[in-house]
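Position 606 of the sequence shown, counting from 1, maps to 605 under numbering that gives the first Met the number 0, and the rest follow consecutively.
Structure, as structure tokens:
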Amino acid sequence: MKQPGLTLTLTALHLLYWRAWAALEVSMEDRREVLLGSGAEIPCVFSLDQPAADLKIEWFVSLSGGNKQRIHYKTGSEEPQVEATRYTDRISVSYNSSTNGNSVLTISSTQLSDEQEYFCRVSADSASDEKHTQLLVFQPPSPPTIEAEKHVSADSDKMEKIATCVAENAYPAPKVLWHKDGIPLQPSDDDVYVMNSVTVQPSFLQTLQSTLHLKMVKKEDKDAEFYCEISYFTVGGESMMESDHVKITVHYSATEVKMYQVSPERLVKEGDRVELRCQGDGNVSPAITFSRNGNELESQNENLMVLENVNRTNSGEYLCSYTEDWVNYLQSNFTLKVHFMDDVVITPEQPAELDEGQNLSLSCNALCSLPTRTVWYKDNKQLDEGNILTLSSVSSKSSGTYTCKVQAPDLPELSGESSVDVTVRGKPEITDKIEIISLENKNMFNLSCSTTGHPTPNITWSLSDEQTRVDVWNMETDNSIISIITISTTSTVNASCIATNEMGTVLTSISVEPDKFEDSTTVTTGTTSSSTTESSGFIIAILIILVLLLAIGGSVFYFLYKKGKIPCGRSGKQDLTKESASKDDFVVEMKSGKSEEAVLLQGVNGDKKIPNDQ
Numbered sequence: 000m001k002q003p004g005l006t007l008t009l010t011a012l013h014l015l016y017w018r019a020w021a022a023l024e025v026s027m028e029d030r031r032e033v034l035l036g037s038g039a040e041i042p043c044v045f046s047l048d049q050p051a052a053d054l055k056i057e058w059f060v061s062l063s064g065g066n067k068q069r070i071h072y073k074t075g076s077e078e079p080q081v082e083a084t085r086y087t088d089r090i091s092v093s094y095n096s097s098t099n100g101n102s103v104l105t106i107s108s109t110q111l112s113d114e115q116e117y118f119c120r121v122s123a124d125s126a127s128d129e130k131h132t133q134l135l136v137f138q139p140p141s142p143p144t145i146e147a148e149k150h151v152s153a154d155s156d157k158m159e160k161i162a163t164c165v166a167e168n169a170y171p172a173p174k175v176l177w178h179k180d181g182i183p184l185q186p187s188d189d190d191v192y193v194m195n196s197v198t199v200q201p202s203f204l205q206t207l208q209s210t211l212h213l214k215m216v217k218k219e220d221k222d223a224e225f226y227c228e229i230s231y232f233t234v235g236g237e238s239m240m241e242s243d244h245v246k247i248t249v250h251y252s253a254t255e256v257k258m259y260q261v262s263p264e265r266l267v268k269e270g271d272r273v274e275l276r277c278q279g280d281g282n283v284s285p286a287i288t289f290s291r292n293g294n295e296l297e298s299q300n301e302n303l304m305v306l307e308n309v310n311r312t313n314s315g316e317y318l319c320s321y322t323e324d325w326v327n328y329l330q331s332n333f334t335l336k337v338h339f340m341d342d343v344v345i346t347p348e349q350p351a352e353l354d355e356g357q358n359l360s361l362s363c364n365a366l367c368s369l370p371t372r373t374v375w376y377k378d379n380k381q382l383d384e385g386n387i388l389t390l391s392s393v394s395s396k397s398s399g400t401y402t403c404k405v406q407a408p409d410l411p412e413l414s415g416e417s418s419v420d421v422t423v424r425g426k427p428e429i430t431d432k433i434e435i436i437s438l439e440n441k442n443m444f445n446l447s448c449s450t451t452g453h454p455t456p457n458i459t460w461s462l463s464d465e466q467t468r469v470d471v472w473n474m475e476t477d478n479s480i481i482s483i484i485t486i487s488t489t490s491t492v493n494a495s496c497i498a499t500n501e502m503g504t505v506l507t508s509i510s511v512e513p514d515k516f517e518d519s520t521t522v523t524t525g526t527t528s529s530s531t532t533e534s535s536g537f538i539i540a541i542l543i544i545l546v547l548l549l550a551i552g553g554s555v556f557y558f559l560y561k562k563g564k565i566p567c568g569r570s571g572k573q574d575l576t577k578e579s580a581s582k583d584d585f586v587v588e589m590k591s592g593k594s595e596e597a598v599l600l601q602g603v604n605g606d607k608k609i610p611n612d613q
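So, in structure tokens, the structure goes:
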């Protein structure tokens, strides 16, 4: 039989123990997430209803098989103690031993092996409580890389390997999802097969390799884009990355072959460089050969043939043969036409000289493979179209060079031309009125006269007073002549310019009245047309310069003569005319009527003009 006092004491002790146990409580987070290599802090919070002198805080880490290993602890007011473990150099613990206390475990430079459960145990008197936190360590993968197969066969009943995607150095291993043209591809037994493999490295980081296979790839898939999407866990949740987008090379057989001209991008003419290509609508590497008339031709590369500097003999049919794996054999042909134009021929090539009033018919022809257009020109001015040019009732103005230009309108680069000279015989024509130039000596004047004709005419001057004649200069060009006479007079003199050849004679006259020349003056008069051509003016300018030079030379000559240095002939005349001159040479003839007078011609710049005086 129990004594009442002993029973009461045991009950009281039991209540005190229950009260102490119930007054201690520990709380911790379920999980903590960190990145590999960073620091991890794991807090432990506890509460007591009253201070405890023997408060003890301990930290444990889980081991395999459900065991635990203590790594750090602190008892009462004693110094904290670190256990000799693999954490010894990487952990630190803070302690707050108040009634509402806490302790924080800090792990530096986290490693994958740190991914464990960490326990915090708090003991006071006879009571204790323990909680744990799961530490998770993450490492995002490097950006995924993708590599497409070099080629894929179309319409194959086998699974064709399309591409391989790799994501390296991740923890935990990522997941992969393939896309085609932005649409996710779900693995299936029939059309889509994805093979994934994970490799664990010595560092415990993991590499994912994923290979996509497709069945019944179509020709149209040559333009499709493929890429892989990698999803992985990290601090705060799940994230993802995409690889580059790639296209695949789909091999499929040709159903049609075409041979065509690459260059030139127009009709072909002789002398061109011609490129012919043989192209099939398949996507394989075929064997291609070119031939003509059964003879194999050398090609520039596998599907291009080049013909250099072609001529009309290169015209004809060309054949290309297209073979795939010695099974699929196709052919195509192309007809090449090389256009040509022979030399342009004018008939008659060199017509005889014509007399005024006669007719002439010129014919222009060129053998050409295309229709042509013929145009006639004279002095760069268009005359007429057509291969026949008729000149009716020709005159001296009909003389000149006639050019026939032939061109193929469908191929403007195909063209040619030829020229012929036409000469019309006729009596001379006065081309410019007689021009009077008053010299510095008011009693001296220069008179000029221009004429043309075939044969080349001669010019003579007739004066009403031959005693006024001083000098004459003649300058001859092709079928033309310019003559300048110098006279000295104080009274009116009538002067006539007479042009003569075997076909006839023409003349023009003028009256020179010295009283009307107050200053240096230029007067133009005569029987010819008042229009003066630019070429005549240019010739006169040149003539004046030459005459000035000759006048200076004449003065020196005269000075030497007066000194007795040079003997003189019986007439006192010096013939400076060249015996012969080429077609384009200037011939100047100088004659002296009064040998003892030196003449200097005055330039035309600054000359004043007065009205014509007939």
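Backbone N, C-alpha and C fix where the C-beta goes; we use that ideal spot for every residue, glycine too.
Owing to the predicted nature of the structure, the values given are computational and were not obtained by experimental measurement.
* DSSP beta-bridge partners for F364? -> Looking up residue 364 in the sequence shown gives position 365. The amino acid occupying residue 364 in the given sequence is Asn; Phe does not appear at that position. V344.
For L353, the three-state DSSP class (helix, strand or coil): On the sequence shown, residue 353 is found 354 positions in, with the first residue counted as 1. In this structure, L353 counts as strand in the three-state DSSP scheme.
Q. Start and end of the beta strand (DSSP E) containing P411?
A. As a first step, residue 411 must be located in the sequence shown, where it is residue number 412. That run of the beta strand (DSSP E) goes 410-421.
**N- and C-terminal bounds of the beta strand (DSSP E) containing F339** = Walking along the sequence shown from the start, residue 339 turns up at place 340. No beta strand (DSSP E) contains F339, which DSSP labels as neither H nor E.
_Restricting to Cα atoms, I'd like to know which of E269, E40, P142 is closest to S107._
Against the sequence shown, residue 107 aligns to sequence position 108. Closest option to S107, Cα to Cα, is E40.
| request: Would you decide whether T373 is buried or exposed? Buried here means 16 or more other CB atoms lie within 10 Å of its CB. | output: Start at 1 with the first residue of the sequence shown, and residue 373 comes out as number 374. T373 is buried by the Cβ-count criterion.
Go to V193, then tell me how far its beta strand (DSSP E) extends in each direction, as first and last residue. Reading the sequence shown from its first residue, position 194 is the one you call residue 193. Unbroken beta strand (DSSP E) run through V193: 191-199.
Go ahead and pull the three-state DSSP assignment for K174.
-> In the sequence shown, the residue the question calls residue 174 occupies position 175. Strand at K174.
(Q) What does the Cβ neighbour count give for V199, buried or exposed, with the cut at 16 atoms within 10 Å? (A) In the sequence shown, residue 199 corresponds to position 200, counting from 1. That one is exposed.
Point to revise | Y259 to G279 span [Cα, whole Å] | key: Here the question's residue 259 lines up with position 260 in the sequence shown. Here the question's residue 279 lines up with position 280 in the sequence shown. Computed Cα separation, rounded: 11 Å.
In terms of residues, what are the limits of the beta strand (DSSP E) holding R468?
In the sequence shown, the residue the question calls residue 468 occupies position 469. Taken as a continuous stretch (DSSP letters only), the beta strand (DSSP E) holding R468 covers 468-476.
* Asked: Residue range of the beta strand (DSSP E) that P513 falls in?
  -> For the purposes of this step, residue 513 is identified with residue 514 of the sequence shown, where counting begins at 1. First-last for P513: undefined, no H or E at that position.
- Query: Quick one: complete alpha helix (DSSP H) runs, 4+ long, within the segment 261-287?
  - Reply: none
Exercise. Measure the C-alpha to C-alpha separation of I435 and V344 and round it to an integer number of angstroms.
Key: By 1-based counting over the sequence shown, the position of residue 435 is 436. By 1-based counting over the sequence shown, the position of residue 344 is 345. Using only the alpha carbons, I get a separation of about 49 Å.
Check your understanding: For T499 versus N457, is the C-beta distance shorter than 7 Å?
Key -> As a first step, residue 499 is located in the sequence shown; it is residue number 500 there, counting from the start. As a first step, residue 457 is located in the sequence shown; it is residue number 458 there, counting from the start. Contact: yes.
For P42 and L104, I'd like the C-alpha separation in whole angstroms. For the purposes of this step, residue 42 is taken as the residue at position 43 of the sequence shown. For the purposes of this step, residue 104 is taken as the residue at position 105 of the sequence shown. Between P42 and L104, the C-alpha separation is close to 6 Å.
* To do: Using alpha carbons as the reference points, say which of L134, A407, T84 lies closest to R31.
  => Walking along the sequence shown from the start, residue 31 turns up at place 32. Considering only alpha carbons, the answer is L134.
Check your understanding: When DSSP builds the beta bridges, which residues end up paired with T144?
Key -> Here residue 144 refers to the residue found at position 145 when the sequence shown is read from its first residue. Note: T144 sits in a beta bridge opposite V165.
My output table needs one value for D631: the three-state DSSP class, helix, strand or coil.
The structure shown does not extend to residue 631, since the chain is modelled only from 0 to 613, so the question has no answer here.
Assigned secondary structure, D243 (DSSP; H/G/I helix, E/B strand, else coil):
Here the question's residue 243 lines up with position 244 in the sequence shown. Coil, per DSSP.
If you follow the beta strand (DSSP E) that N313 is part of, which residue opens it and which one closes it? Working through the sequence shown from its first residue, we reach residue 313 at position 314. Premise fails: N313 is in no beta strand (DSSP E) and is neither H nor E.
query: Is the CB-CB distance between T74 and K55 below 7 Å?
result: Within the sequence shown, residue 74 is the residue found at index 75, counting from 1. Within the sequence shown, residue 55 is the residue found at index 56, counting from 1. Cβ atoms of T74 and K55: closer than 7 Å.
query = Between D341 and L361, is the Cβ-Cβ spacing less than 7 Å?
reply = Position 342 of the sequence shown, counted from the start, is the residue given in the question as residue 341. Position 362 of the sequence shown, counted from the start, is the residue given in the question as residue 361. No, the Cβ-Cβ distance between D341 and L361 is not below 7 Å.
- request: Can you say whether K268 is buried or exposed, counting buried as having 16 or more other CB atoms within 10 angstroms of its CB?
  value: The residue given as residue 268 occupies position 269 in the sequence shown. With 16 or more other Cβ atoms within 10 Å, it is buried.
Alpha carbon to alpha carbon, how far is R311 from V273? Give it in angstroms, no decimals.
The sequence position of residue 273 within the sequence shown is 274, counting from 1. The sequence position of residue 311 within the sequence shown is 312, counting from 1. Those two C-alpha atoms are separated by around 13 Å.
Which class does G592 belong to by DSSP, given the choice of helix, strand or coil?
-> To locate residue 592, count along the sequence shown from 1; it is residue 593. At G592, the pLDDT of 38 sits below 50, so the modelled position is not reliable and the matter cannot be decided from this model.
Which of the three DSSP states, helix, strand or coil, is assigned to L111? Against the sequence shown, residue 111 aligns to sequence position 112. Helix.
Excluding sequence positions up to five away, which residues of its chain have a Cβ less than 6 Å from the Cβ of D583? Position 584 of the sequence shown holds residue 583. Confidence is the limiting factor: at D583 the pLDDT is only 38, short of 50, which leaves the residue's position unreliable, though a coordinate-based value still follows. Nothing meets the Cβ criterion.
- Does the segment 416-423 touch the segment 350-359, meaning 3 or more C-beta pairs lie closer than 8 Å? yes
For this session: Over the uninterrupted beta strand (DSSP E) stretch that includes V216, give me the two end residues.
Result: Within the sequence shown, residue 216 is the residue found at index 217, counting from 1. That residue, V216, is in no beta strand (DSSP E); it is neither H nor E in DSSP.
By the DSSP assignment, the beta strand (DSSP E) with D383 in it spans what residues?
For the purposes of this step, residue 383 is taken as residue 384 along the sequence shown, with counting starting at 1. First-last of the beta strand (DSSP E) with D383: 380-384.
Review point. Where does G64 fall in DSSP's three states?
Key: Your numbering for residue 64 matches position 65 in the sequence shown. Looking at G64 - three-state DSSP - the assignment turns out to be helix.
- Task: Would you check if the distance between the CB atom of L617 and the CB atom of I429 is smaller than 7 Å?
- Result: With the chain covering 0 to 613 only, the question about residue 617 has no answer from this structure.
Can you name the start and end residues of the beta strand (DSSP E) that T389 belongs to? Within the sequence shown, residue 389 is the residue found at index 390, counting from 1. From DSSP, the beta strand (DSSP E) with T389 extends over 387-390.
Practice problem: Grab me the residues of N386's own chain with a C-beta within less than 7 Å of its C-beta, minus the 5 sequence neighbours each way, in chain order. | Solution: Residue numbering aside, residue 386 sits at position 387 when the sequence shown is read from its first letter. Same-chain partners within the cutoff: S362, C363, N364, T373.
E77: which of C403, G64, I70, Y94 sits nearest, CA to CA? In the sequence shown, counting from the first residue as 1, residue 77 sits at position 78. It is Y94.
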